[in-house]
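Please read the structure below before turning to the comments.
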Amino acid sequence: MSFGKNSTGVLEIVDSNDYYPFGMNHLKTGNAYFGQDSFKKYKYNGKELQETGAYDFGARQYMPDIGRWVVVDPLAEKMRRFSPYTYAGDNPIRYIDPDGRKFINFDENGNYTGTTKDNWWHNLWNGSKGRVVKSDGSTKQKFRFADPKNDVADIQSGKINKLEFVTEKQVKTLVRWSGAFDPKNKTSNRSLSERYDYIKKEGIGGGKMDFAYTQVPKMFPNAKPSNPTTNTSNTIFLVEDLAHNQNNFGNFLFGASGRAMQFTEAELLLGAHYNSVVSSSTNGYSSQLDSSDDQLSISSGVLFSDKYNYGDKQIQITVGTPTPANTP
Numbered sequence: 001m002s003f004g005k006n007s008t009g010v011l012e013i014v015d016s017n018d019y020y021p022f023g024m025n026h027l028k029t030g031n032a033y034f035g036q037d038s039f040k041k042y043k044y045n046g047k048e049l050q051e052t053g054a055y056d057f058g059a060r061q062y063m064p065d066i067g068r069w070v071v072v073d074p075l076a077e078k079m080r081r082f083s084p085y086t087y088a089g090d091n092p093i094r095y096i097d098p099d100g101r102k103f104i105n106f107d108e109n110g111n112y113t114g115t116t117k118d119n120w121w122h123n124l125w126n127g128s129k130g131r132v133v134k135s136d137g138s139t140k141q142k143f144r145f146a147d148p149k150n151d152v153a154d155i156q157s158g159k160i161n162k163l164e165f166v167t168e169k170q171v172k173t174l175v176r177w178s179g180a181f182d183p184k185n186k187t188s189n190r191s192l193s194e195r196y197d198y199i200k201k202e203g204i205g206g207g208k209m210d211f212a213y214t215q216v217p218k219m220f221p222n223a224k225p226s227n228p229t230t231n232t233s234n235t236i237f238l239v240e241d242l243a244h245n246q247n248n249f250g251n252f253l254f255g256a257s258g259r260a261m262q263f264t265e266a267e268l269l270l271g272a273h274y275n276s277v278v279s280s281s282t283n284g285y286s287s288q289l290d291s292s293d294d295q296l297s298i299s300s301g302v303l304f305s306d307k308y309n310y311g312d313k314q315i316q317i318t319v320g321t322p323t324p325a326n327t328p
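For reference, each letter of the sequence shown is one residue, going 1 to 328 in full-length UniProt numbering.
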């Protein structure tokens, strides 16, 4: 349905269409093709209807009367159980075929180089993914986004234009800075009443476990936002095969450090929910449960910590130079 203002400035319906599932118009509904003297071309899925009766989807033309593309799918060999002319997997109620999946491309130096679109089949199974592309055009690495909706939007709008390749050594250093390897901060060395004292004390702004705005800028000074109170970093942080924006990278490190202190994953996830609900005044947002991407980043940090046995690592602190007991 399309709206426009008439000569008196009043908003009115200028075009309305009903469709069969594959996009053919219900011509006899009384609502089709009516309005202010002009035929409205942009109809099914917002695509332009051509004089031939096909819809222009960009690289391909689509015939709604037969539910087929007029040219072969460029990746038809990868889905041989479907006709190469199939639209939306023969199920337009469940799937869409806007014009394809997005590959968010970065070069080997971490610079954003653009977006490559693919077809509906890959979008269905994979969604938008990041990709590191070599100078010869081949793919070096593919990865996922912890917050694909917002991360991809921020990259394409220019808010994020840099990919930081984070090593295990850098993660371990950040975890060490948080005090997670100090034996006295391990839950096994704390009474039940003291279990959460350290993490509550150092998790506030400026504390050792304030990763996003305190520890991460120390490790990656070029990723520091120009104004931390109003801006986020222009960098997204890739740890193995999952990329995190600035705040989610902080969540990842919270999960890794908390797990290194021997907290359970459930404690860390529920603690994040509790913080989002109870500490809204200091967090700068309304009381709410922790978002799904926040929880994903925390969980990935926990898994990372388990993978590298951070819970077993510790550094004993003595007067003078620190002496590693089990050097992380």
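Cβ coordinates follow ideal geometry from the N, Cα and C atoms, glycine included.
DSSP three-state assignment for residue i, whether helix, strand or coil
i, result
"N126", "Because the pLDDT of N126 is 48, which lies under 50, any placement of that residue in the model is unreliable, and the number read from its coordinates should be weighed accordingly. Here N126 sits in helix by DSSP."
"D99", "Only weak support is given to the placement of D99: the predicted model assigns it a pLDDT of 45, under 50, and the value that follows is read from those uncertain coordinates. Correct three-state label for D99: coil."
"T115", "strand"
"L192", "helix"
"T52", "coil"
"Y33", "Note that Y33 scores 47 on pLDDT, short of 50, meaning its location in the model is unreliable; the coordinates nonetheless yield the value given after this. Three-state result, Y33: coil."
"N17", "coil"
"K184", "helix"
"Q262", "coil"
"F57", "coil"
"D306", "helix"
"T173", "helix"
"G255", "helix"
"G137", "coil"
"N161", "coil"
"D290", "coil"
"S299", "helix"
"G250", "helix"
"N234", "coil"
"G179", "coil"
"L270", "helix"
"W120", "Unreliable positioning characterises W120 in this predicted model, as indicated by a pLDDT of 49, which lies under 50. The coordinate reading is nonetheless provided below. W120 falls in the helix class under three-state DSSP."
Residues bridged to residue i (per DSSP)
i, result
"V239", "V166 and L242"
"L11", "K5"
"W69", "Y62"
"F143", "G130"
"residue 330", "There is simply no residue 330 to check, as the chain begins at 1 and stops at 328 in what is shown."
"N105", "G114 and R131"
"Y42", "E48"
Residue i vs residue j beta-carbon contact at 9 Å
i, j, result
"V152", "K142", "no"
"K172", "Y308", "yes"
"D293", "D147", "yes"
"L253", "Q314", "no"
"F211", "S178", "yes"
"D290", "L303", "no"
"G301", "N251", "yes"
"F249", "S193", "no"
"A54", "V72", "no"
"Y213", "G271", "no"
"F103", "S128", "yes"
"R68", "S83", "yes"
Within-9 Å CB hit, residue i to chain B
i, result
"S291", "In the displayed structure, chain B is absent; only one protein chain is listed."
Best match in the options for proximity to residue i [C-alpha to C-alpha]
i, options, result
"P64", "M24, S178 and I298", "M24"
"Q156", "K134, F106 and S191", "F106"
"A256", "G110, K169 and T52", "K169"
"F165", "E240, T52, A54 and E267", "E240"
"S16", "K186, D312 and Y42", "Y42"
"P217", "T235, K184, G203 and E202", "T235"
"S305", "N161, E194 and V175", "V175"
"F145", "S135, L163, G158 and S138", "L163"
"G130", "T115, S138, D136 and G137", "T115"
"residue 359", "N109, A266 and F237", "Beyond the ends of the chain as shown, which are 1 and 328, falls residue 359; an answer cannot be given."
"F22", "N111, G301, N251 and I66", "I66"
"F237", "V10, N111 and G203", "N111"
"H244", "F263, N150 and R259", "N150"
"K186", "G258, P84, R60 and S128", "G258"
"A205", "D182, K5 and N247", "Residue identity differs from the one stated: residue 205 is Gly in this sequence, not Ala. Of the candidates D182, K5 and N247, the one whose C-alpha sits nearest the C-alpha of G205 is N247."
"G203", "P183, N275 and G4", "N275"
"M261", "S299, A180, L242 and Q295", "A180"
"T113", "N161, H273, Y20 and G9", "N161"
"F263", "Q50, P225, K224 and Y198", "Y198"
For the region 191–225, list the alpha helix (DSSP H) runs that are entirely contained and at least 4 residues long, ordered along the chain. 197–202 and 216–219
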